[in-house]
Structure formats: C-alpha cells, structure tokens
Amino acid sequence: MRPGPSRRKPRLPETRTRAASDNGVSDYTPRPGCGHTVRDGRRPETGFTTAGDDRRNTVNEHKVYEHEVTEHGVTERPVSETSLQRRLRAPWRGLGLWLRSIPATFVGLWFAAVVTLVGGFVGILLFPSATMALRRQLDGYREKIERWTGHPIERPYLPEPAREPGVKGSVRRSLALARDPATWRDYLWVLADPFVALFTAALPALLIGYGLWGYAVAAFAGKLITNYGGNDWYAYVHVTDGYGHDTGRIASTLVVATLLIAAGFLLGPAMMRVYGRWGRSVLGPTEKSRLALRVRHLTESRSDAVDASAAELRRIERDLHDGAQARLVAMGMSLGAIEHLLDKDPEKARTLLAQTRESSAKALHELRDLVRGIHPPVLADRGIGDAVKALALDHPLQVEVVAELPARPEPPVESAAYFAVSEVLTNAAKHSGASRVWVDMRHERGMLRITVTDDGRGGASLDGGTGLRGIERRIGTFDGVLALNSPVGGPTIVTLELPCALSSPKTSPS
C-alpha cells in the first residue's frame, strides 16, 4: 500500500446497536436480508433478516458501536450500557413507548370515523392514504422498540402497489393494500397497543410514580389528609386516623412506597422484553409472509442472475469482436500482404512485419485484459485478499487493505465479492473526491463481510448513477446485502455481506 500523511475524520453520526435479547443473542442492525439495501442505517423497505444476522453479546450489556475513521482505517468502539443503566432507564423508555403509541391510535380511529361518516366507497378511496400514514408512524415505532427492548422488528409489508390515476387506480391500490395481512395487523396494533403498553411497558413507570406519590402522602399526611375526614388510604395502608396518631401509618406508607419504586425499577427490563415480544408478534412478519417474500426474492435474484450472465456474455462477445478479433483479422491481411512483398519489396515487408508483431502484442494484451475481466488470474491463484491488494496497487488513490480470512470463500462468492469491491473502488476514485480508501475483509459467523471506507465528501446514494445498484444486484444473487452510510461531508462507508463458508486452508491454493 502507498504510505500517506495521517488524517483524521470526524466520527460518523450513525451508531449501530447490538442489543442483547433474553437468550444472549443479539441482532445486529442495520442488517436486512435477501439482497435489499440499508440506507444510512435504516432498515430496507422490504426484505427480512436471514441467517448469520446474530452476533454474540452478553445479556448484561446493551452495546452501541461507534465508527471512527483514522489514519489506520475504520475502528469500532463499543459504548456499553450496563445492566444498572438499562434498569434505571427501562421504566421511562416504557412510558415513552406507551405515550408514542397514542398518536398512531388516533390515526386509526380517525380513519374509522371518516369511513363511518362519509360511507364505504369514499372510505375505500381514503384507505391508501390512511394506511400509508399509519405505516410511517409504525416504522418509527419499530425502531424505538428495537432500540429500547432488544427485539428487532423487520418491516413486514409486501411491495407497495404502483400509484395509478383515477378512481379505478385508487380502488386497485386499496385492494392491494387490503390483501397484505400486515395492513390488518397494523390496525390491530392501533386498537390494542395502548392497553397492552399500559400494562407492560408503562407499568414500571406507573409503579414508580405511585411510589413517589406515596412519599408525598407521607410527608403531608398530618397536615393535609386529616382535612378530608381521616379516611384516606394509600395502597392498603390507612394513612391517617384523623386524630394525630399517624406515625406508624406514615412509616408503613413510606415502606410501601419504597417497595413500589423498587419493584418498578426491577420489573422495567422484564416488562420491556415482554412488550418487545408483543411488538414483534404483531408488527413483524409472519412465517407465511416471510416465506412469500423469500420466494419473491429468490425469483427476482434468479432473474437478475440470468440477466447479468447474459449481459456478461454480450460484453465478452463485443470485446472479442471489436478488439482481439479485429486485430487478428488485420494480422491475417497483413501477413498476406507480407507474403506478396517478400520478393518485390523486402524492406517494406520487414516494416509491415514489425507492425504486425506490435499488433499481435496488443491483441495478446487485450485478451489478457478480457480474461482478467472475466476472472483475474491472481483471484484464481491467490484468493480475494491478494486480488484486492493487487487492485489497490493500481488504484489512483491511497488504498489500505486488511484481509483477515483464514481460508478462501467459495469461488462464485469470491468472484462476486471481488468485482463488487472493484466497482466500489472505481466509484471512490470517480465520484468521492477522496484521497484515501480503507478496505477491511473478514469472515464472521458464516458471513464474508467487506467494508470499504473513503474520506471523501460523502452524499452518495444508491440512485445517483454510481453503479451501486449493479453491485446490489450482483451480491443479491448470493443472498448478499449492501449497506450504505454516506452523510454529507463524509466519510462514505459501503459494507458488503455475503453468506458463505470458507474452504479448508489445507486445500486452498496458495
């Protein structure tokens, strides 16, 4: 790698949460499955988490990982939330989730009222708008539940129907949304969640609040409560008898209040886990919808693979026809001319022979480039680690490569990953304005994970014409995931993850 001056970039604004669930296995976000894409750390519009998404973590910690870009590359620094911190925060998070559920309930009730007042047909026309508004509300709610309960909730919806003009288009859109089971589970959530959240997520905060009220009752019992006839109760404690003999009663009140506050903090994490399971069961995908989208994805990825293969064959045919084949035809004509000139004009024949030799060298060089574009020899001989390092040596930017791969991935996955990295590096040179690029490759829990980071201007997007969509389709064929994080001002981080197994180190070519 080329050495370069040390540079530091500000820490990324994105944090990635690895939240421990009750069985000690955490789900890493952002991480969709089935070849869909994460934009700036958010979950994809469709697609579900696949195997290999879990990372080990302790039950006693809720870890937040921050990226930092330095002269040594990209580092992850864990910021741990201890068990005590989580216990102290859980009641107030639960209260926040309950309060946040109320606006979504109002949206659902508003739609029901509109349908009731204006009639069924108008309600059908308004159904898409109300449903999409509710989905936007619940998308944010899923993120809150995932962040605060440790239960990731994937977006369960089928692909949204296209918008069509006119009344018929609205009716078709309404029917398509109505056929999605997740739509009705959303409305079930709207009706039931305020009550479920009240008795699960918000219950610890209510216990703490009632305990604090007990302290106030005890503090003012002798002066205030006696004015109400001496018949006031706190929980099961008769606080005052109205005659000033209240010391023991007040002490009992303080004990009960303290127990309620302690119970609220102790129950907080458990109630949040219960609420997280409720949220995942209603707002997440069912096994049937998961299977349906999985089949849909496999169909699309197979079509993409066929299209990509056909496009690759056309490219090879075009390159052979326009390059090496044309030169070989020209060489044949030149050799014929040389044969006629040997006796008549030997000097001109020698000149033409030298030109033909140069043309043959160019044809050989083009053939080597073509073969390298199909499957580079260094990739076949030494694997993706050395192949990417070879790319870095020829790259116009300073590229640092770290490859921690004990063995080689399967050849098709290795080839797809190599060309994906090559395209990302090309994008960095063309569009990012960067001076340095870091490539980190490792294999973790059945996933080949490649992170490419540049210190450029940022602001990259999938729809910006930079070829990221093509990379997404390429790795999507192998159930891979592309994650893009590119805030304005940089840095840009492109993460590629492909599920694969590594071959035995003993059988891998060296």
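Read the sequence shown against full-length UniProt numbering and you will find it ends at 510, with the numbers running on by one and no gaps.
We treat Cβ as the ideally placed atom computed from N, Cα and C, and that holds for glycine.
All figures in this text were calculated on a predicted structure; none of them were measured in a lab.
What does the Cβ neighbour count give for residue i, buried or exposed, with the cut at 16 atoms within 10 Å?
| i | result |
| --- | --- |
| M441 | buried |
| H151 | buried |
| M333 | exposed |
| H443 | buried |
| T82 | exposed |
| P377 | exposed |
| P91 | buried |
| T495 | buried |
| L88 | exposed |
| P406 | exposed |
| V481 | buried |
| E432 | Residue identity check: residue 432 is Ser in the sequence provided, not Glu. Answer is buried; the Cβ neighbour count reaches 16. |
| F220 | exposed |
| V401 | buried |
| F195 | exposed |
| G140 | exposed |
| R86 | buried |
| V439 | buried |
By Cβ distance, which residues of its chain are closer than 6 Å to residue i, with the 5 residues on each side in sequence left out?
| i | result |
| --- | --- |
| P103 | none |
| E366 | G323, A324 |
| W148 | R93 |
| E404 | R442 |
| T356 | M331, S334 |
| L298 | none |
| R457 | G433, G490 |
| Y418 | L379, I384, A387 |
| D193 | S101 |
By Cβ distance below 7 Å, which residues in the same chain neighbour residue i in space, the five residues on each side in sequence not counted?
| i | result |
| --- | --- |
| T183 | T131, L177 |
| I124 | V171, S174 |
| S422 | L391 |
| D180 | Y157, L158 |
| A337 | L352 |
| G96 | none |
| S289 | P156, P181, A182 |
Taking the C-alpha atoms as reference points, what is the distance between residue i and residue j?
| i | j | result |
| --- | --- | --- |
| Y210 | L254 | 12 Å |
| L370 | R318 | 11 Å |
| G385 | L502 | 13 Å |
| L462 | R469 | 6 Å |
| A251 | A270 | 30 Å |
| P165 | D186 | 26 Å |
| A420 | T453 | 14 Å |
| R189 | K430 | Reading the sequence as shown, one finds Trp at residue 189 and not Arg. W189 and K430: Cα-Cα distance of roughly 47 Å. |
| V162 | A197 | As written in the sequence, residue 162 is Ala, which differs from the Val given in the question. Approximately 35 Å, taken between the alpha carbons. |
| H127 | L283 | One detail in the question is off: residue 127 reads as Phe in this sequence, not His. Whole-angstrom Cα-Cα distance: 19 Å. |
| G268 | L84 | 11 Å |
| D394 | R302 | 34 Å |
| A216 | R100 | 28 Å |
| W278 | A201 | 10 Å |
| A416 | P396 | 23 Å |
| N427 | K344 | 55 Å |
| A218 | A257 | 9 Å |
| R473 | V306 | 11 Å |
| L138 | A387 | 45 Å |
| E497 | E287 | 24 Å |
| V167 | E160 | 18 Å |
| A361 | K348 | 20 Å |
Take residue i and list the residues in its own chain whose beta-carbon comes closer than 8 Å to its own, dropping the five residues that flank it on each side.
| i | result |
| --- | --- |
| L328 | A363 |
| E410 | C500, A501, S503 |
Does the pairing of the region 202-220 with the region 260-274 give three or more beta-carbon distances under 8 Å? yes
Minimum length 3: unbroken beta strand (DSSP E) runs contained in the region 335-409: 398-404
In the region 140-212, which residue ranges form an unbroken alpha helix (DSSP H) of at least 4 residues, counting only runs that do not cross its ends? 166-178, 181-199
Ignoring anything shorter than 4 residues, give me the alpha helix (DSSP H) runs that lie fully in the UniProt domain "Histidine kinase/HSP90-like ATPase" (416-500), in order along the chain. 468-476
Output the residue ranges of the alpha helix (DSSP H) runs that lie fully inside the region 252-327 and measure 4 residues or longer, sorted by chain position. 287-319
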